[in-house]
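Engineer: For the sequence shown, my numbering begins at 208 and goes up steadily by one. For every residue, glycine included, the Cβ atom is placed at its ideal position computed from N, Cα and C.
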Amino acid sequence: MIFERTTTIHATLAEVFDFFSQPDNLARITPPAVGFRVLRAPARPLREGDVLEYRLRAAGVPLRWRSRITLWQPGRAFADLQERGPFAYWLHTHTFREEAGGVTMHDHVDYRLPFGFLGRLVAGALVRRTIAKSFDYRAEALRQHFVTHSR
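As structure tokens, this is what we get:
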């Protein structure tokens, strides 16, 4: 399954990429209801090969999620691959492009639900809506952050 979203952020490319290179910022752009908390991350800007561990809730169920940064191209793109978590597979690639008035960030998420066809049948639409709501929240949180912290 694929989820894609494009968000325009009114800031410089350097500001946006710097924001995403700081592991603790992920909690700032995740809906509070998820109860997201970083458990382990480097105490420096991210780079390829870094492992991050989080705790969150999905439908009230506490989960742990571990991901690895598999691609790190400063100012251009990065990708995180779930190593442990709620999905059978999750690869999230973020690409950035500076344009007049800000930065266009494109998110491409390639994911599979557990339990194959049965998982898609039972939970596919609900999971897709949940992902979309999370990205809606994230886009607004990013806009608000850069309105108050940029330029």
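On the DSSP bridge assignment, give the partners of Phe187 in chain order.
Structural biologist: Nothing about residue 187 can be read from this structure; the chain reaches only from 208 to 358.
Engineer: Rounded to whole angstroms, what's the CA-CA distance from Met208 to Thr277? Just pull it up for me.
Structural biologist: Here the question's residue 208 lines up with position 1 in the sequence shown. Here the question's residue 277 lines up with position 70 in the sequence shown. Straight-line Cα distance between these residues: approximately 20 Å.
Engineer: Quick one: Cα of Trp279 to Cα of Val268, how far?
Structural biologist: In the sequence shown, residue 279 corresponds to position 72, counting from 1. In the sequence shown, residue 268 corresponds to position 61, counting from 1. Answer to the nearest angstrom: the Cα atoms are 31 Å apart.
Engineer: Taking only the alpha-carbon atoms, compute the straight-line gap between Ala307 and Gly282 and give it to the nearest angstrom.
Structural biologist: On the sequence shown, residue 307 is found 100 positions in, with the first residue counted as 1. On the sequence shown, residue 282 is found 75 positions in, with the first residue counted as 1. About 16 Å.
Engineer: Where does Gly200 land, buried or exposed, given buried means 16+ other C-beta within 10 angstroms?
Structural biologist: Only positions 208 to 358 of the chain appear in this structure, which leaves residue 200 out of reach.
Engineer: Which same chain residues, not among the five before or five after Lys340, have their C-beta less than 8 Å away from its C-beta?
Structural biologist: In the sequence shown, the residue the question calls residue 340 occupies position 133. Taken in chain order, the residues that qualify are Pro238.
Engineer: Taking the alpha carbon of Thr355 as the reference point, which residue from Ala218, Phe285 and Phe210 has its own alpha carbon closest?
Structural biologist: As a working mapping, residue 355 is identified with position 148 in the sequence shown. When each option's Cα is compared against that of Thr355, the closest is Ala218.
Engineer: Tell me whether Ala265 sits in a helix, a strand or coil according to DSSP, three-state version.
Structural biologist: Numbered from 1 along the sequence shown, position 58 holds the residue referred to as residue 265. If DSSP states are grouped into helix, strand and coil, Ala265 belongs with the strands.
Engineer: Hey, would you say Arg319 sits closer than 8 Å to Phe294, going by beta carbons?
Structural biologist: Walking along the sequence shown from the start, residue 319 turns up at place 112. Walking along the sequence shown from the start, residue 294 turns up at place 87. Cβ atoms of Arg319 and Phe294: closer than 8 Å.
Engineer: Cβ of Gly242 within 8 Å of Cβ of Leu263?
Structural biologist: Position 35 of the sequence shown, counted from the start, is the residue given in the question as residue 242. Position 56 of the sequence shown, counted from the start, is the residue given in the question as residue 263. Yes; because the gap between Cβ atoms is below 8 Å, this pair is in contact.
Engineer: DSSP on Asp231, reduced to helix/strand/coil?
Structural biologist: Here residue 231 refers to the residue found at position 24 when the sequence shown is read from its first residue. Three-state DSSP puts Asp231 in coil, outside helix and strand.
Engineer: Any idea which residues DSSP pairs Glu260 with across the strands?
Structural biologist: Taking the first residue of the sequence shown as position 1, residue 260 is located at position 53. Beta-bridge pairing links Glu260 to Arg247 and Arg273.
Engineer: Whose C-beta lies closer than 7 Å to the C-beta of Thr214 among residues of the same chain, with five residues either side of it excluded?
Structural biologist: Looking up residue 214 in the sequence shown gives position 7. Taken in chain order, the residues that qualify are Met312, Ala346 and Leu349.
Engineer: What is the DSSP secondary structure of His352, reduced to helix, strand or coil?
Structural biologist: As a first step, residue 352 is located in the sequence shown; it is residue number 145 there, counting from the start. Helix at His352.
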